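Down below is the structure, laid out as structure tokens.
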Amino acid sequence: MYLPRKLVCSLLLLGLITALPLRSDPEKSITDSDSGAVLNHAARRKAAVRAGDFLLRILDDSGRFVYRINPMHPKIKAKYNWLRHAGSVYALCQLYETTRKEKYLDAANRATANFVQHIKPVQCGNAGVYAALISDPAITGSKPELGPVIKTGGCALAMIAMTYVDELNGNERHRPTLLLMSNYIRFCQKDSGDLNAKYILGLQGFHDWQSQYYQGESLVALARMQRAYPTDKNQTAMVRLLIYLADQWQASTVIDRSTQRPLSRAFDHWGLLGLNACFDLVTDEQLAAHSSRWTQKKLLQLAVDYCEDELKRILVTGSAPYIGCFEGREGAVTPTAIRMEGIQAAQNLVFMYGRAHEVRFGQTIWWWDQRIDLALRFLLSAQYTAGHAAMWPDIVNVDGAIHRRAVLGLEERSSEIRIDYCQHAISALLGKY
Numbered sequence: 001m002y003l004p005r006k007l008v009c010s011l012l013l014l015g016l017i018t019a020l021p022l023r024s025d026p027e028k029s030i031t032d033s034d035s036g037a038v039l040n041h042a043a044r045r046k047a048a049v050r051a052g053d054f055l056l057r058i059l060d061d062s063g064r065f066v067y068r069i070n071p072m073h074p075k076i077k078a079k080y081n082w083l084r085h086a087g088s089v090y091a092l093c094q095l096y097e098t099t100r101k102e103k104y105l106d107a108a109n110r111a112t113a114n115f116v117q118h119i120k121p122v123q124c125g126n127a128g129v130y131a132a133l134i135s136d137p138a139i140t141g142s143k144p145e146l147g148p149v150i151k152t153g154g155c156a157l158a159m160i161a162m163t164y165v166d167e168l169n170g171n172e173r174h175r176p177t178l179l180l181m182s183n184y185i186r187f188c189q190k191d192s193g194d195l196n197a198k199y200i201l202g203l204q205g206f207h208d209w210q211s212q213y214y215q216g217e218s219l220v221a222l223a224r225m226q227r228a229y230p231t232d233k234n235q236t237a238m239v240r241l242l243i244y245l246a247d248q249w250q251a252s253t254v255i256d257r258s259t260q261r262p263l264s265r266a267f268d269h270w271g272l273l274g275l276n277a278c279f280d281l282v283t284d285e286q287l288a289a290h291s292s293r294w295t296q297k298k299l300l301q302l303a304v305d306y307c308e309d310e311l312k313r314i315l316v317t318g319s320a321p322y323i324g325c326f327e328g329r330e331g332a333v334t335p336t337a338i339r340m341e342g343i344q345a346a347q348n349l350v351f352m353y354g355r356a357h358e359v360r361f362g363q364t365i366w367w368w369d370q371r372i373d374l375a376l377r378f379l380l381s382a383q384y385t386a387g388h389a390a391m392w393p394d395i396v397n398v399d400g401a402i403h404r405r406a407v408l409g410l411e412e413r414s415s416e417i418r419i420d421y422c423q424h425a426i427s428a429l430l431g432k433y
């Protein structure tokens with residue numbers, strides 16, 4: 001097969017770049033003698049800023065992101081995802097809160113204004129009129145047979161972004177819309193506390209498809225609403241959703257026969273973020289009013305056990321760039337990033353609860369920090385550099401962007417950039433919750 005000379009040279013150069021070791025002694029950072037050598041805040045912030053600046057470069061004047069780019073395979077199917085759009089607004093808000101650079105808040109405001117255009121009043125049968133973010137196949141590129149749909153997670157992420165920009169702007173611009181959207185979230189809630197995931201507007205009914213992430217996203221959204229625009233109804237919905245999730249986490253716990261320790265497999269990063277977001281808003285008395293099974297301490301212990309089990313799955317031996325990746329992920333970057341978001345949120349709870357109650361959970365925080373450090377270094381191995389950008393001068397400058405897999409060229413999508421790859425990396429690197 002004939003390959004153009006320019007492409008051959010590019011691939012050779014790319015191979016040299018990606019073959020560079022992540023660090024001279026990959027295992028050194030997990031030794032007791034080197035316990036202080038984790039990535040410092042300045043290095044984490046610098047990497048997050050580079051990823052954020054890439055998001056700024058792909059945000060157009062209308063407030064829409066270029067959803068994905070693949071510099072090695074330019075022809076890609078046109079799609080768009082409002083959940084990841086709203087998640088990227090969330091990351092830009094985190095960057096503004098960290099750096100106080102107006103360019104990030106300006107971009108967050110512009111991107112928010114873009115998706116707010118797609119939040120519409122909706123009549124859901126005889127239940128009433130709500131407000132919801134509409135996913136239209138004409139925009140998202142999804143299968144057209146269902147027509148426009150409402151994704152509960154899309155509404156939740158939009159609410160998270162809107163409450164965040166209101167907070168940073170110091171106004172209540174989105175308050176009326178947010179209250180109507182929270183009414184929709186409550187409309188989705190089942191008697192069990194769980195949430196229906198998708199509403200088909202054309203059929204005026206819920207689809208039977210369920211998501212494993214929307215519940216945690218909605219828990220964060222309700223918690224942010226309770227801080228910004230509290231209502232008794234949203235408080236009750238939040239507590240019921242938390243108890244439902246806790247029951248699911250507990251029900252999924254199995255026993256590791258090698259250690260006789262319980263292993264929970266049902267948490268996801270949004271569940272941990274949700275627990276962190278609502279933890280100080282929910283008392284043991286409020287939990288007891290709905291369930292006798294849970295207290296704050298029991299919830300936190302379940303989360304800590306899960307996080308420690310997950311941290312043990314981080315690869316700590318072998319050769320770069322897989323050190324710091326989770327077992328079985330084959331060098332995929334975002335699964336590691338999202339785990340770091342949730343684990344750092346749980347770590348924040350450990351500190352808060354420990355200080356308030358003089359209680360220590362789990363193993364030493366140094367052990368957590370060392371594994372988190374490995375994972376963050378793995379993320380940095382998937383960040384495009386100025387050298388990469390120089391190889392593709394005909395497309396947007398990819399410096400700072402996060403590619404799909406740590407090793408480029410192993411499969412066609414390994415070089416792909418998508419806004420959520422950048423968003424989750426920014427949030428994981430900043431560790432700000």
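Quick note, in the numbering used here, the sequence shown goes up one by one and the last residue is 433. Built from N, CA and C at the ideal position, the CB exists for glycine as well. No experiment lies behind these values; they were computed from the predicted model shown.
Whole-angstrom distance between residue j and residue i, CA atom to CA atom
i: residue 343; j: residue 299; result: 14 Å
i: residue 58; j: residue 396; result: 8 Å
i: residue 154; j: residue 211; result: 11 Å
i: residue 272; j: residue 146; result: 32 Å
i: residue 324; j: residue 286; result: 39 Å
i: residue 176; j: residue 334; result: 34 Å
i: residue 425; j: residue 338; result: 8 Å
i: residue 69; j: residue 293; result: 47 Å
i: residue 105; j: residue 168; result: 8 Å
i: residue 61; j: residue 283; result: 45 Å
i: residue 45; j: residue 430; result: 6 Å
i: residue 201; j: residue 209; result: 15 Å
i: residue 55; j: residue 290; result: 43 Å
i: residue 412; j: residue 73; result: 7 Å
i: residue 423; j: residue 403; result: 12 Å
i: residue 63; j: residue 354; result: 42 Å
i: residue 394; j: residue 231; result: 52 Å
i: residue 108; j: residue 238; result: 26 Å
i: residue 128; j: residue 327; result: 47 Å
i: residue 389; j: residue 383; result: 11 Å
i: residue 314; j: residue 189; result: 35 Å
i: residue 173; j: residue 234; result: 19 Å
i: residue 428; j: residue 306; result: 18 Å
i: residue 99; j: residue 246; result: 35 Å
i: residue 381; j: residue 180; result: 43 Å
i: residue 295; j: residue 301; result: 10 Å
i: residue 152; j: residue 91; result: 20 Å
Buried or exposed (CB count within 10 angstroms, at least 16 for buried), residue i
i: residue 115; result: buried
i: residue 215; result: buried
i: residue 193; result: buried
i: residue 112; result: buried
i: residue 198; result: buried
i: residue 249; result: buried
i: residue 356; result: exposed
i: residue 351; result: exposed
i: residue 102; result: exposed
i: residue 117; result: exposed
i: residue 191; result: exposed
i: residue 84; result: buried
i: residue 217; result: buried
i: residue 196; result: buried
i: residue 317; result: exposed
i: residue 336; result: buried
i: residue 148; result: buried
i: residue 375; result: buried
i: residue 87; result: buried
Bridge-paired residues (DSSP) for residue i
i: residue 403; result: 417
i: residue 121; result: 131
i: residue 200; result: 149 and 205
i: residue 435; result: In the structure displayed, the chain extends from 1 to 433; residue 435 sits before or after that span and is not available.
i: residue 68; result: 418
i: residue 332; result: 405
i: residue 429; result: In the DSSP output, where bridge partners are listed per residue, residue 429 has none listed.
i: residue 59; result: 65
i: residue 195; result: 189
Minimum Cβ-Cβ distance from residue i to chain B less than 9 Å
i: residue 287; result: Judged by its chain identifiers, the structure shown contains no chain B, having just a single protein chain.
>> For the pair the segment 80–96 and the segment 48–55, tell me if three or more CB-CB distances fall below 8 Å.
In response: By the Cβ criterion, the segment 80–96 is in contact with the segment 48–55, since at least three pairs of Cβ atoms, one from each stretch, lie closer than 8 Å.
>> Any contact between the segment 162–169 and the segment 219–237? By contact I mean 3 or more CB pairs, one from each, below 8 Å.
In response: Between the segment 162–169 and the segment 219–237, the count of Cβ pairs shorter than 8 Å is three or higher; the stretches touch.
> So does the segment 131–151 actually touch the segment 76–92, counting three or more Cβ pairs closer than 8 Å?
Replying inline: Three or more beta-carbon pairs drawn from the segment 131–151 and the segment 76–92 are found closer than 8 Å, and the two stretches are therefore classed as touching.
> Would you call the segment 178–191 and the segment 118–133 touching, i.e. three or more CB-CB distances under 8 Å?
Replying inline: With a cut-off of 8 Å, the segment 118–133 and the segment 178–191 count as touching, because enough Cβ pairs lie within range.
>> I'd like the ranges of any alpha helix (DSSP H) spanning at least 4 consecutive residues and lying wholly in the segment 215–254.
In response: Annotation: the segment 215–254 contains the following complete segments of the alpha helix (DSSP H) (minimum length 4 residues), in chain order: 232–251.
>> Please give the ranges of any alpha helix (DSSP H) in the segment 78–123, keeping only runs that are unbroken, at least 4 residues long and fully inside the region.
In response: Every alpha helix (DSSP H) stretch that sits fully inside the segment 78–123 and reaches 4 residues is listed by chain position as 82–99 and 102–116.
> Are the segment 407–423 and the segment 366–375 touching by the rule of at least three beta carbon pairs closer than 8 Å?
Replying inline: By the criterion of at least three beta-carbon pairs nearer than 8 Å, the segment 407–423 is not in contact with the segment 366–375.
> Can you list, in chain order, the stretches of the alpha helix (DSSP H) that have 4 or more residues and sit fully within the segment 340–400?
Replying inline: Listed in chain order, they are 365–380 and 386–391.
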